[in-house]
Structure formats: C-alpha cells, structure tokens
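Read through the structure below, which is laid out as structure tokens, and then see the notes.
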Amino acid sequence: MEQTGLRAWGDSSAAGLAFPLAALAAALLVFLTSGITVGLVGMLVAALVPWALLAGQVRVGPWPMAALGVGMPALVTLWYDAPGAIFLALLAVAWLAATGRSWPAEALATLGAVAVPAVFVGLDGAWREDYPAVVFFGTGTMFSWLIGRILRRERRLVAALTEAQQRLDVAAAAAERRRIAHDVHDAIGHGLTVVLLNLVGARQVLDRDPVAAAEALDRAERVGRDSLQSVRAIVGLLRDPADGGGARPPSPGAVDVAALVRDAAEAGLPVRGELVGDLGSVDPYTGLAAYRIVQEAVSNLRHHAPGAEAVVRIVRHADRLAVSVRNGAPAGTAAPAGRGGGNGLDGMRRRAGTLGGTLSAGPDGDGWLVEASLPVPRTADEEAG
Numbered sequence: 535m536e537q538t539g540l541r542a543w544g545d546s547s548a549a550g551l552a553f554p555l556a557a558l559a560a561a562l563l564v565f566l567t568s569g570i571t572v573g574l575v576g577m578l579v580a581a582l583v584p585w586a587l588l589a590g591q592v593r594v595g596p597w598p599m600a601a602l603g604v605g606m607p608a609l610v611t612l613w614y615d616a617p618g619a620i621f622l623a624l625l626a627v628a629w630l631a632a633t634g635r636s637w638p639a640e641a642l643a644t645l646g647a648v649a650v651p652a653v654f655v656g657l658d659g660a661w662r663e664d665y666p667a668v669v670f671f672g673t674g675t676m677f678s679w680l681i682g683r684i685l686r687r688e689r690r691l692v693a694a695l696t697e698a699q700q701r702l703d704v705a706a707a708a709a710e711r712r713r714i715a716h717d718v719h720d721a722i723g724h725g726l727t728v729v730l731l732n733l734v735g736a737r738q739v740l741d742r743d744p745v746a747a748a749e750a751l752d753r754a755e756r757v758g759r760d761s762l763q764s765v766r767a768i769v770g771l772l773r774d775p776a777d778g779g780g781a782r783p784p785s786p787g788a789v790d791v792a793a794l795v796r797d798a799a800e801a802g803l804p805v806r807g808e809l810v811g812d813l814g815s816v817d818p819y820t821g822l823a824a825y826r827i828v829q830e831a832v833s834n835l836r837h838h839a840p841g842a843e844a845v846v847r848i849v850r851h852a853d854r855l856a857v858s859v860r861n862g863a864p865a866g867t868a869a870p871a872g873r874g875g876g877n878g879l880d881g882m883r884r885r886a887g888t889l890g891g892t893l894s895a896g897p898d899g900d901g902w903l904v905e906a907s908l909p910v911p912r913t914a915d916e917e918a919g
C-alpha cells in the first residue's frame, strides 16, 4: 500500500492534476474580482491552455508554459487591471521549478512574475502607496519558486526510494531462491545418500539374509518418502498463499537430529550422535539450521570420507547451540576434490550467518571437522527464571 502511494506521488500525473485545479481556481478568482469582458475571457482561456493539456496528461514544454502560464496572466494584469491574474503566473513558476526541465525558462518566468507587479504599480503612478503590494507579490513569487524546488526534490527522493525498494525486492527474491535451493539440495542430497546406502546393503545381503535386506529396503522407502515430503514442503513455499495447498508438514528441528543420525547409522554410515541439553526448547529457526548443517555434513561423509567414523555432537548452552561433526580418516577412496562446487559448505555458512552465528570447516588431524555456533534466543520461561 505504501509503495503504491509512493509511486503515485512520484508520477508526473499527480502534479498534472493538482496544478490545473489550482489554475482553474485562480482564473475564477479573476472573474470574481474584475469585470467580465470578451477579451478578458479569451486571454484567460489562452492562459489556461497549458493547464488543460496537463489535466489531459499531455506533455507541456517549459517554454510554452512560461509564455502562456506567465505571459498571458501578465497581459491580463496590465491590460484589464486584474491583479488577481498574477496568481496564475505564480502557479506557472512553481510548476516550472517542480519539473526542472529548463532552467532558462524557469529563471525567465520567475523574473517576469516578479516584474509584473512592479510594472503594474508603476503604470498607475502610485508607487509610494502601492509598493507594499510589489513586495508581497515578489515575496510570493520567490515562495512559489521555492515550493516548486521542494516538490522537485521530493519527487526525486520518492523515485529514488521506489527504485531502491524494487532493488530490495529483487535481492530478497534472489536470496529466497538461494535459500530454497539450499534446502532442496540438503533434503535430496542426504535422502538419496541414505537411500542408496540401504539399497546397496540390501543387494549385498539379499541372497543370504532376506530379512535384513527387507529391513534395508523398508528404511530406504521410509527415508525416500520423508525426503519427498520435505521437498514438497519446500516447493510449497513458492506457491501463492491464495492458492492454499493445505497444511504443510513441520520443518525438522534440533530434536530431529537424533533420528537423522540413527537413519544414517542404520544405512551403514559409521556415525554416532552425542546430544547434550534440552534441544526441545531450541527455537524453530535455529533448530532447522542445526538440522540442515548436520544433514549436509553427514551426507558429505559418503562422498569425501567413505568408511570414516564420525561423531555428531550438539550441546545446548544457555545462549547458543554448539554443533560439530567430526570424522576420522577415510577408509576408502574419496570423491575427486571440488565435487559439487563447494555449494554444501557455502550453504552451511549462509545458514549460520543468517542467524548471526559462525561456522568453520577444515582439516582436523587425520580427518575433517565442521563446527558451528548458533545463537539461541532465550524463552519467556528462561527470562522469568
């Protein structure tokens, strides 16, 4: 709503409607304070031509406005003894200053509007008695010019703010796309890793242990369904809220890391978890970030450290959540360096940084260590205690 109002104000059509209405009111004032004649009516009609064009959203140049908007009211003032027409000239000065299309036309119109009262008083020969009117109208002209300048500055400011808002909208949309891409990457990457591990295990024991093979296939099916549900929930964020689409499943949190580690271990990854503290009280945003970081780190084990034993440790402190995933030396051949382009680490760093936390990843002895520190907002019960 506010952005639409700013754009409407920044549009030239706003000034193109307000100024013509003021000019029409000034013309009616001339008729009320002076005798109506055919010549007066004709000259006022000519003076109102540029304002009528503006009301019809027709572009009017600065020189036609200076000639008709200031010149014609000056002639009306001098020939028909109608000083009220000077207000039309003041409006033209304000409009020229507000549009700023030609500074020579603006300067000439301003000087002309200041000179009209002086010439009018001089022709009457009553300078001593009427010079205050010259001062008043001259001051009014300068005020009109100043108001026009202020309007010009405000319109430029509104245009700049509108452009900045558009850029922010584009940047926010890009950031949201990146976040959704990272979520899809994490959900699919980890899910496929666990599914493939279970399928490989089922194939290896299918002949000698059909029961174990069936259990592995069941785990693969369950993890695949969970991953598909997560992807549907993530893609659902792209829908228009007006489209509905039903209730979305809750996002995983810190308490779900235990199930994540258990599924990976059952699939054949030598990984174990150490969860310390009340993870149920962790807020959803921090919990989701911790879950995705662990998910990505565990998924990377199969590609970059096959056969390496890993420990997932999460400690709930009073004001932060400490997350670490450490693996030892790989027992098999790791995937080629640069596999995936480093998008996983980049996504983990973005998640931590978005919450105001930190994340580091690098060699640790004969293995690899991923550490994250995520701030945890205090709950109302904790603050009360």
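Remember, the working numbering sits 534 above the position in the sequence shown when you count from 1. Built from N, CA and C at the ideal position, the CB exists for glycine as well. Note that the structure is a prediction, hence the values are computed from the model and not measured.
Bounding residues of the alpha helix (DSSP H) (the contiguous stretch that carries residue i)
{"i": "Gly573", "result": "Val572 to Ala589"}
{"i": "Arg836", "result": "Pro818 to His838"}
{"i": "Val791", "result": "Val791 to Glu800"}
{"i": "Leu624", "result": "Ile620 to Thr633"}
{"i": "Ala608", "result": "Met606 to Trp613"}
Cross-strand partners of residue i (DSSP beta bridge)
{"i": "Asp898", "result": "Gly901"}
{"i": "Glu688", "result": "Paired residues: none, contrary to the question."}
{"i": "Leu893", "result": "Ala906"}
{"i": "Glu808", "result": "Arg847"}
Alpha-carbon to alpha-carbon, residue j and residue i
{"i": "Arg711", "j": "Arg701", "result": "15 Å"}
{"i": "Leu889", "j": "Leu622", "result": "59 Å"}
{"i": "Gly544", "j": "Ala557", "result": "Unreliable placement is indicated for Gly544, whose pLDDT of 42 sits below 50; the coordinate value is still reported in the next sentence. When rounded, the distance between both Cα atoms is 21 Å."}
{"i": "Pro897", "j": "Ser858", "result": "13 Å"}
{"i": "Asp900", "j": "Pro911", "result": "36 Å"}
{"i": "Ser678", "j": "Gln699", "result": "31 Å"}
{"i": "Gly821", "j": "Ala750", "result": "28 Å"}
{"i": "Ala793", "j": "Ala705", "result": "35 Å"}
{"i": "Val610", "j": "Leu574", "result": "7 Å"}
{"i": "Val849", "j": "Leu903", "result": "16 Å"}
{"i": "Ala709", "j": "Thr892", "result": "19 Å"}
{"i": "Glu830", "j": "Arg742", "result": "33 Å"}
{"i": "Val728", "j": "Val791", "result": "14 Å"}
{"i": "Ala852", "j": "Arg826", "result": "21 Å"}
{"i": "Leu555", "j": "Ala628", "result": "14 Å"}
{"i": "Leu587", "j": "Val668", "result": "31 Å"}
{"i": "Phe553", "j": "Asp703", "result": "33 Å"}
{"i": "Ala601", "j": "Ala707", "result": "49 Å"}
{"i": "Leu813", "j": "Arg854", "result": "11 Å"}
{"i": "Pro786", "j": "Ala748", "result": "27 Å"}
{"i": "Thr567", "j": "Ala694", "result": "44 Å"}
{"i": "His838", "j": "Asn861", "result": "10 Å"}
{"i": "Glu843", "j": "Leu691", "result": "60 Å"}
{"i": "Ala559", "j": "Tyr819", "result": "60 Å"}
{"i": "Ala895", "j": "Val789", "result": "23 Å"}
{"i": "Glu755", "j": "Val810", "result": "30 Å"}
{"i": "Val757", "j": "Thr696", "result": "47 Å"}
Assumed close pair residue i, residue j - CB separation to whole angstroms, cut-off 8 Å
{"i": "Leu908", "j": "Ala799", "result": "No, Leu908 and Ala799 are not in contact; Cβ-Cβ is about 24 Å, not under 8 Å."}
{"i": "Pro864", "j": "Gly841", "result": "6 Å"}
{"i": "Ala647", "j": "Val594", "result": "Wrong, their Cβ atoms sit about 18 Å apart, outside the cutoff."}
{"i": "Thr633", "j": "Pro596", "result": "7 Å"}
{"i": "Leu803", "j": "Arg836", "result": "7 Å"}
{"i": "Gly505", "j": "Val846", "result": "In the structure displayed, the chain extends from 535 to 919; residue 505 sits before or after that span and is not available."}
{"i": "Val650", "j": "Ile620", "result": "6 Å"}
{"i": "Leu630", "j": "Met599", "result": "6 Å"}
{"i": "Leu525", "j": "Val653", "result": "With the chain covering only 535 through 919, there is no way to say anything about residue 525."}
{"i": "Ala589", "j": "Met606", "result": "Ala589 to Met606, Cβ: 17 Å. No contact."}
Chain D within 8 Å of residue i, Cβ atoms only
{"i": "Thr611", "result": "The chain inventory of the structure shown lacks chain D, comprising one protein chain alone."}
Endpoints, the beta strand (DSSP E) within which residue i is located
{"i": "Glu843", "result": "Where Glu843 is concerned, there is no enclosing beta strand (DSSP E), given that its DSSP letter is neither H nor E."}
{"i": "Leu855", "result": "Arg854 to Asn861"}
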